[in-house]
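Student: Going down the list, the protein sequences come from chains H and E.
Reminder that position 116 of the first sequence reads as 105 in the working numbering, one-by-one numbering, no gaps.
Reminder that position 53 of the second sequence reads as 42 in the working numbering, one-by-one numbering, no gaps.
We treat Cβ as the ideally placed atom computed from N, Cα and C, and that holds for glycine.
Protein chains: 2
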Amino acid sequence: MSKIDIIIVGAGYAGITAARELIRAGKTVKVLEARDRVGGRVHTQQFDDFYLDMGGTWVGPSQDRIYALLKEFGIETFKTYDEGKSTMLMDGKLKTYKGLIPPLPIPVLLSLDMAIKKISKLSKNVDLSEPWNTPNAKYWDSMTLQTWMDKQMAFSKAKSMFTIASEAIWATHPNEVSMLHAMFYTKSGRDFDTLMNVKNGAQEERILGGAQSLANKIIATFPPETIQYNAPVKAITQDGDGVEVIGKDFSYKAKKVVVALPPTLAGRIDYQPLMPANRDQLLQRIPMGSVWKCYAIYDKPFWRENGLNGLSASDNGFVSVTFDNSPKDGSLGIMMGFVLANQAKDFSLLSPEDRKEAVLEQFTKFYGEKASKPIFYIDKSWAEEEFTRGCYAGVMPTGAWTSLGKHLREPVGNIHWAGTETSDVWNGYIEGAIRSGERVAKEILGK
Amino acid sequence: MSKIDIIIVGAGYAGITAARELIRAGKTVKVLEARDRVGGRVHTQQFDDFYLDMGGTWVGPSQDRIYALLKEFGIETFKTYDEGKSTMLMDGKLKTYKGLIPPLPIPVLLSLDMAIKKISKLSKNVDLSEPWNTPNAKYWDSMTLQTWMDKQMAFSKAKSMFTIASEAIWATHPNEVSMLHAMFYTKSGRDFDTLMNVKNGAQEERILGGAQSLANKIIATFPPETIQYNAPVKAITQDGDGVEVIGKDFSYKAKKVVVALPPTLAGRIDYQPLMPANRDQLLQRIPMGSVWKCYAIYDKPFWRENGLNGLSASDNGFVSVTFDNSPKDGSLGIMMGFVLANQAKDFSLLSPEDRKEAVLEQFTKFYGEKASKPIFYIDKSWAEEEFTRGCYAGVMPTGAWTSLGKHLREPVGNIHWAGTETSDVWNGYIEGAIRSGERVAKEILGK
């Protein structure tokens, strides 16, 4: 048997990027993946005539590492459709509008605009690599994003709009997010406008062939049998010589291990010796967001004919935002709706039929009667997935960054940590996962 | 082999109380305990000449269930020593004072007193059995206790005192506690004064023989081999017929199982079928507090000779509060110091020698030179314990009660939940654990 240098737990973008860098440096790597596929929270599901990105989907400006890899592997991107008017459903009233400024009373718009500018400005002071060293870190970490919003905005409609944006960004209610984390995350993804927007924003482009296609191409360069599928890791033991990584019917020894899992799952592995108290306590404090991704497929993107771009926002109903996720050539109409944060939790209690009905009812409100009769409907919640248990990512509640943040990336003996939650840039995104994989490889290689 | 009706996971006070009630109702019960003893977070450690309560210690008025059990099993209680003056170290200045009112400027005292009265008053509106149905629940759940304190008190010294009290109550910084949870917990334990105080408070009495002695007596009434020690549970599977509870080298089937563990540990068990998303997401959101309990033993309680009661509070140093935990007859002097919340996390990074030095230095500041030379020193952190991972209890961050609270106690098929965190009365205390055990037994017996 060949001796393994490094075991990697999890074949999401963090894990396979780490594996790629370590293999390129001449190391023998074994990747243990609980599922029967790579990609983790990025999953492109194939159907007869189309594919759907059931998890991570978009790429955008300043996501330099994923764009470099896409280029290297010859994978194209294309613009997210955003021509025409956006749709807004507030207080039961449907309105459409051109551009970025929704049809709200001027004082509401000014209040909202000030809040967006303010959070972006505040975020500039964040120390991305050590958020707990940000000026007044404890002050910001003592309040929720909701508390800050309540101070910042007087108009309930402004707060509603900001809530919709926040839930679309974090997949969690602003009352669960530390303001310091919100500032960190805002800077990590450049600014609040970038996080929110399609054009010049985090939702600007999609990946031709689906977001998992890059992962598939990366692993095709690995030596045979690098990845073992259906191999959930249950325990990791270590001593001075190295590590042993154990699952139900396997056990591998290596010099080092990289755990590239969502924090809450990294915290459920049985470590011997025990994880230090502070590391364990930190992992008790990084809950995952909750989101359902709901797709309705139509024979064509009919909303475009009505001058609509497929972007909607609503302060009521399960679906609070929608995107046009049709194929590049528009040969089908694919409408995607997010059910986010607390709505996602209530949505989980519905039957599949009731979920479908609720989504199509909302789509019909946005786009008219045609939306009620799709060719196909599918939805997915990452909180129901055994090997993710929430999406998009782990979100820091109040107090966590300043009391325990330094234990997020610090290796514990021969155990190293990756995953998008450990990234200082584009934390929570595919880009962050890739950066975390590259960072952990450097850490191990001593670069 | 005898058929088991109910398996109980965890032999803390919740688990053994549930077991007792079920056995009394004629059920066949198996208790699986990870440690080699009962008591869970309550552990009375025996030494040659004395014993120490390394975990839960005190009982007080309105803790009716534990008092009833103590009486039934013939176990005495005795008053926590509180005769003489208390000690306060603030801004580097040491002061002693008689009674409950610390020597602070009148405006500070008024501000502090108003805050304490206010939180007790606010807490009266909490719906203990369904905190999410409390009036304005979402409002209170959107802010941290720290945010409320910042609004409520203008004086930093008042806030410091309130912080010390809060940390002593929750073992976590006020910036980690949802204000709704703080209100819930305050009402759950009667009021804020009760939670804080020795006389008429949660620290009023101690249990002769140690707090674990009741647990030992309860299990002595169980049929032989009811409890299996050194049996950490790894997985629970269930189908229509019942449950199977699995550890490294055992597996038991039963009709039902009660999981009586801290929430964060209940969340690490491998459930098949998978825990529903909302239950899993909730358990991602109930981190444990952090506390070190530090004991110095002297040949006599010398501070008493100086008219001091052994109660101290400090806004600086690792130890923020102390108690006189000497034996009932005062034959030894036992001083206990709590290192709480974020101080506990930093304390975990010190060597055993440095921890001892830091504690004795603080004790010496409080009680003079004699405190620097104990006969014996010992400390314990429950966050370092594999089968607890934090103390006193799980604490709700913002947003958790209102979004997911209803999943805290709701059985999942044949799996039922106990533990002090599931109790509506005296949540977080031994009394709450006992009440949760009695509640879950009734739930199972259909009463």
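If you follow the alpha helix (DSSP H) that Y218/E is part of, which residue opens it and which one closes it?
Tutor: Looking at the DSSP string, Y218/E is not in any alpha helix (DSSP H), and its letter there is neither H nor E.
Student: Using 7 Å as the cut-off, classify the Cβ of A266/H as near or not near the heavy atoms of the ligand ATP, replying yes or no.
Tutor: This structure lacks the ligand ATP; in fact it carries no ligand of any kind.
Student: So the candidates are D259/E, G178/E, W47/E; which of them puts its Cα closest to the Cα of E438/E?
Tutor: One cannot answer for residue 438/E here, as it falls past the ends of chain E, which runs -10 to 436.
Student: State the Cα-Cα distance for the pair N267/E and R293/E, rounded to the nearest angstrom.
Tutor: Approximately 52 Å, taken between the alpha carbons.
Student: Counting only the same chain and skipping the five closest in sequence on each side, list residues whose C-beta sits under 8 Å from that of T33/H.
Tutor: So the qualifying residues of the chain are Y40, L41, D42, M43, G198, G199, A200, Q201, S202.
Student: Residues in the region 306 to 340 of chain H with C-beta within 7 Å of chain E's C-beta atoms, listed in sequence order?
Tutor: Hits within the stretch, in order: N331, K334, S337.
Student: Can at least three beta-carbon pairs, one atom from the region 353 to 373 of chain H and one from the region 425 to 435 of chain E, be found at a separation below 8 Å?
Tutor: No, because fewer than three Cβ pairs between the region 353 to 373 of chain H and the region 425 to 435 of chain E fall closer than 8 Å, the two stretches do not touch.
Student: Rounded to whole angstroms, how far is the Cβ of W406/H from the Cβ of W121/H, which I believe are closer than 8 Å?
Tutor: No, W406/H and W121/H are not in contact; Cβ-Cβ is about 17 Å, not under 8 Å.
Student: Mind checking whether Y70/E and D313/E have CB atoms under 8 Å apart?
Tutor: Against a cut-off of 8 Å, the Cβ pair of D313/E and Y70/E comes out as a contact.
Student: Compute the beta-carbon to beta-carbon distance between Y2/H and I419/H, rounded to the nearest angstrom, for a pair I have assumed lies under 8 Å.
Tutor: About 5 Å; that satisfies the 8 Å criterion.
Student: Work out the CA separation of I423/H and A7/H for me, nearest whole Å.
Tutor: Near 8 Å, if we compare the C-alpha coordinates of I423/H and A7/H.
Student: Hey, could you find the ends of the alpha helix (DSSP H) T391/E is sitting in?
Tutor: T391/E -> alpha helix (DSSP H) spans 389 to 393.
Student: Taking the alpha-carbon positions, what's the F181/E to L101/E distance?
Tutor: Near 12 Å, if we compare the C-alpha coordinates of L101/E and F181/E.
Student: For D130/E, would you say it is in contact with chain H, using Cβ-to-Cβ distances shorter than 8 Å as the test?
Tutor: So yes, D130/E belongs to the interface.
Student: Measure from the C-beta of E373/E to each C-beta in chain H and report whether the shortest distance is under 8 Å.
Tutor: Closer than 8 Å: yes.
Student: Starting from the C-beta of T215/E, find all residues in its chain whose C-beta is less than 8 Å away, skip the five residues before and the five after it, and write them out in chain order.
Tutor: Taken in chain order, the residues that qualify are A8, I12, V18, K19, V20, I208.
Student: What does R274/E touch in chain H if you count any residue whose Cβ is under 7 Å from its own?
Tutor: Going along chain H in sequence order, the residues near R274/E (Cβ under 7 Å) are P276.
Student: Under 8 Å Cβ-Cβ, which residues of chain H neighbour S370/E?
Tutor: Residues of chain H passing the Cβ test: A266.
Student: According to DSSP, M324/H sits in a beta bridge with which residue or residues?
Tutor: Partner(s): A285/H, D313/H.
Student: 8 Å is my cut-off, CB to CB: does G388/E come that close to chain C?
Tutor: In the structure shown, chain C cannot be found, because the protein chains are H and E.
Student: Which residues in chain E sit within 9 Å of G379/H, going by Cβ to Cβ distance?
Tutor: Those are A266, D269, Q270, Q273, listed as they occur along chain E.
Student: For M(-10)/H, which residues from the same chain have a beta carbon less than 8 Å from its beta carbon, with the 5 sequence-adjacent residues on both sides left out?
Tutor: Because M(-10)/H sits at a pLDDT of 48, beneath the cut-off of 50, its placement in the model cannot be relied upon, and the following sentence gives the value as read from the coordinates. Excluding residues within five positions, none has a Cβ falling inside 8 Å.
Student: Below 8 Å, can you find three or more Cβ-Cβ pairs linking the region 108 to 124 of chain H to the region 78 to 91 of chain H?
Tutor: Verdict: no, contact absent.
Student: Have a look at A191/E and S155/E and give me their C-alpha separation to the nearest angstrom.
Tutor: Rounded to whole angstroms, A191/E to S155/E spans 14 Å at the Cα level.
Student: Of all the alpha helix (DSSP H) runs that stay within the bounds of the region 229 to 260 of chain H, which reach a length of 4 or more residues?
Tutor: Fully enclosed alpha helix (DSSP H) runs of 4 or longer: 252 to 255.
Student: Mind listing the chain H neighbours of S149/E? Cutoff is C-beta to C-beta under 7 Å, in chain order.
Tutor: Ordered by position in chain H, no residue passes the 7 Å Cβ test against S149/E, which lies about 14 Å from the chain.
Student: Which whole-angstrom value is the C-beta distance of S167/H and T387/H, which I expect to be below 8 Å?
Tutor: About 4 Å separates the two Cβ atoms, so the contact holds.
Student: Where does E119/E fall in DSSP's three states?
Tutor: If DSSP states are grouped into helix, strand and coil, E119/E belongs with coil.
Student: Using a Cβ-Cβ distance cut-off of 8 Å, determine whether Q34/E contacts chain H.
Tutor: By this cut-off, Q34/E is not an interface position.
Student: If T161/H and V384/H are in contact, beta carbons under 8 Å, what's the gap, nearest whole angstrom?
Tutor: Their Cβ separation, rounded to whole angstroms, is 5 Å, which keeps T161/H and V384/H in contact under 8 Å.
Student: Taking the alpha helix (DSSP H) that M138/E falls in, what are its first and last residues?
Tutor: Here the alpha helix (DSSP H) through M138/E covers 134 to 141.
Student: From this set, F239/H, T226/H, L393/H, which residue's C-alpha is nearest K245/H's C-alpha?
Tutor: Residue T226/H is the option with its Cα nearest to K245/H.
Student: Kindly provide the ranges of any alpha helix (DSSP H) runs that are 4 or more residues long and lie completely inside the region 332 to 385 of chain E, ordered along the chain.
Tutor: List check, alpha helix (DSSP H) in window: 341 to 356.
Student: Establish whether the CB of L184/H and some CB of chain E are separated by less than 8 Å.
Tutor: Taking Cβ atoms only, chain E never reaches closer than 8 Å to L184/H, which makes this a no.
Student: Using C-beta distances below 8 Å, list every residue in its chain close to K107/E, excluding the 5 sequence neighbours before and after it, in chain order.
Tutor: Excluding residues within five positions, the ones whose Cβ falls inside 8 Å are Q141.
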